[in-house]
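*Asks:*
There are 2 protein chains.
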Amino acid sequence: MSNFMMAAIEEALKGLDEGGIPIGSVLVHNGNIIGRGHNRRIQKGSVILHAEMDALENAGRLTAATYKDCTLYTTLSPCPMCTGAILLYGIPKVVIGENQTFMGGEDLLKANNREVIVENSQECIEMMREFIEKRPELWNEDIGR
Amino acid sequence: MSNFMMAAIEEALKGLDEGGIPIGSVLVHNGNIIGRGHNRRIQKGSVILHAEMDALENAGRLTAATYKDCTLYTTLSPCPMCTGAILLYGIPKVVIGENQTFMGGEDLLKANNREVIVENSQECIEMMREFIEKRPELWNEDIGR
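In order, the protein sequence lines correspond to chains A and B. Going by the numbering used here, the first sequence opens with residue 1, and the numbers climb by one from there. Going by the numbering used here, the second sequence opens with residue 146, and the numbers climb by one from there.
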């Protein structure tokens with residue numbers, strides 16, 4: 001597993017510690033993390049701060065040229081909203097911890113010529129599986145079910 | 146023009162008054178506005194608070210059943226990120242002020258069985274045209290160009 005996915009998992013675990021949904025993400029530009037984030041639905045009562053959105057928001061305002069040199073790491077396959085954000089900002093590469101507990105917009109990313117790598121991390125799978133089993137209602141809310 | 150689109154335009158003008166990008170949105174549930182918002186890129190240094198996202202965020206956490214009875218009004222055709230948020234939450238209907246200054250994810254919404262109505266409001270068109278002419282760099286940043 002890459003160090004960047006480990007940083008995304010750290011973010012997810014921080015969210016879990018806060019009583020939140022354990023999904024984390026980091027935005028990497030030319031080998032440096034420039035934004036970190038985790039899902040903050042519970043913590044902030046937010047319906048838009050998914051992990052990827054939080055990482056993008058924490059990275060701040062960037063030029064289009066900067067986004068084009070970025071890779072987004074996320075512990076879970078990105079939902080339609082986060083997929084749309086990746087498309088909007090022209091981020092060319094997404095590394096995903098796992099897509100077994102949830103399959104997001106990977107096909108749409110690929111159809112738009114984004115590189116998608118799935119690590120199938122057992123740690124990411126177990127983290128989500130355990131959370132979904134304990135708090136299915138929160139998980140369903142987070143994905144609009 | 147519907148009262149709801151007028152409320153979305155009011156939001157856009159509020160954003161303009163604050164020095165922001167003039168795009169507004171309201172979320173309507175069973176005939177009542179339950180969330181209002183406008184683009185806050187400049188005001189908050191935010192890369193995720195597009196008007197539609199701000200309206201969804203201000204509506205707060207809702208059940209999937211509530212979203213399914215909602216219509217989202219927005220002064221401008223929704224970008225890929227906002228389109229994705231509409232898909233995520235299963236909002237069945239989107240009313241758009243105009244799509245002449247920017248064409249967003251309307252095809253993707255229709256492909257996912259969402260009702261899309263474009264009002265072609267002259268007021269919305271002129272509001273955006275004037276802003277884009279004055280501040281093209283801010284507008285391009287907002288749509289990842």
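Note that beta-carbon positions come from the ideal geometry of N, C-alpha and C, so glycine has one too.
Can you check which of these residues, B/L194, B/L207, B/L232, is closest to A/G45 by C-alpha distance?
*Replies:* B/L207
*Asks:* Identify the continuous beta strand (DSSP E) that holds A/N39 and give its terminal residues.
*Replies:* Segment: none, A/N39 is in no beta strand (DSSP E) and carries neither H nor E.
*Asks:* Which partner residues does B/T216 have in the DSSP bridge list?
*Replies:* B/V173, B/K238
*Asks:* Contact check, A/M6 vs A/E119 under 8 Å by CB: the rounded distance?
*Replies:* With 8 Å as the limit, A/M6 and A/E119 do not qualify as a contact, their Cβ atoms being about 11 Å apart.
*Asks:* Give, in chain order, every residue of the segment 65-92 of chain A whose Cβ lies closer than 8 Å to some Cβ of chain B.
*Replies:* Along the segment 65-92 of chain A, going in chain order, the ones with a CB nearer than 8 Å to a CB of chain B are Y67, C79, P80, M81, C82, T83, G84, A85, L87, L88, Y89, G90.
*Asks:* For A/A148, which residues of its own chain have a beta-carbon under 6 Å away from its beta-carbon, when the five flanking residues on both sides are left out?
*Replies:* Nothing in the structure corresponds to residue 148 of chain A, since chain A is present only between 1 and 145.
*Asks:* Of all Cβ atoms in chain A, is any one closer than 8 Å to the Cβ of B/I321?
*Replies:* Nothing about residue 321 of chain B can be read from this structure; chain B reaches only from 146 to 290.
*Asks:* So what does DSSP say about A/N119, is it helix, strand or coil?
*Replies:* It should be noted that the sequence gives Glu, not Asn, for residue 119 of chain A. A/E119: coil per DSSP, three-state reduction.
*Asks:* Taking the alpha-carbon positions, what's the B/S266 to B/G242 distance?
*Replies:* Straight-line Cα distance between these residues: approximately 5 Å.
*Asks:* For B/M198, return the contacting residues in chain A, with the cut-off set at a CB-CB distance below 7 Å.
*Replies:* Annotation: Cβ neighbours of B/M198 in chain A (cutoff 7 Å, chain order): I48.
*Asks:* With distances taken Cα to Cα, identify the nearest neighbour of A/G84 among B/E251, B/N244, B/Y212.
*Replies:* B/E251
*Asks:* Skipping 5 residues on each side, what residues in its chain have a beta carbon closer than 6 Å to that of A/D142?
*Replies:* I21, R41
*Asks:* Between B/C168 and B/N148, which are expected to be in contact by the criterion C-beta below 8 Å, what is the C-beta distance as a whole number of angstroms?
*Replies:* Note that residue 168 of chain B is Ile in the sequence shown, not Cys. So it is not a contact: roughly 18 Å between Cβ atoms.
*Asks:* List the whole-angstrom C-beta distance separating B/L283 from A/V47, where the pair is believed to meet the contact cut-off of C-beta under 8 Å.
*Replies:* Going by Cβ atoms, the distance from B/L283 to A/V47 rounds to 26 Å, so no, they are not a contact pair.
*Asks:* Drop a sphere of 10 angstroms on the beta-carbon of A/E133, count the other beta-carbons inside from all chains shown, and report buried for 16 or more, exposed for fewer.
*Replies:* exposed
*Asks:* Just to confirm, is the Cβ distance from B/I231 to B/P223 under 8 Å?
*Replies:* The answer is yes: Cβ separation under 8 Å.
*Asks:* Can you tell which of B/D199, B/G176, B/T220, B/N258 has the C-alpha that lies nearest to the C-alpha of B/C269?
*Replies:* B/T220
*Asks:* Which chain A residues sit within Cβ distance under 7 Å of B/I166?
*Replies:* Chain A residues near B/I166: none, gap ~12 Å exceeds 7 Å.
*Asks:* Please report whether the beta-carbon of B/R206 lies at a distance below 8 Å from any beta-carbon of chain A.
*Replies:* yes
*Asks:* If I'm right that A/C82 touches A/E52 with Cβ under 8 Å, what's the distance once you round it to whole angstroms?
*Replies:* 4 Å
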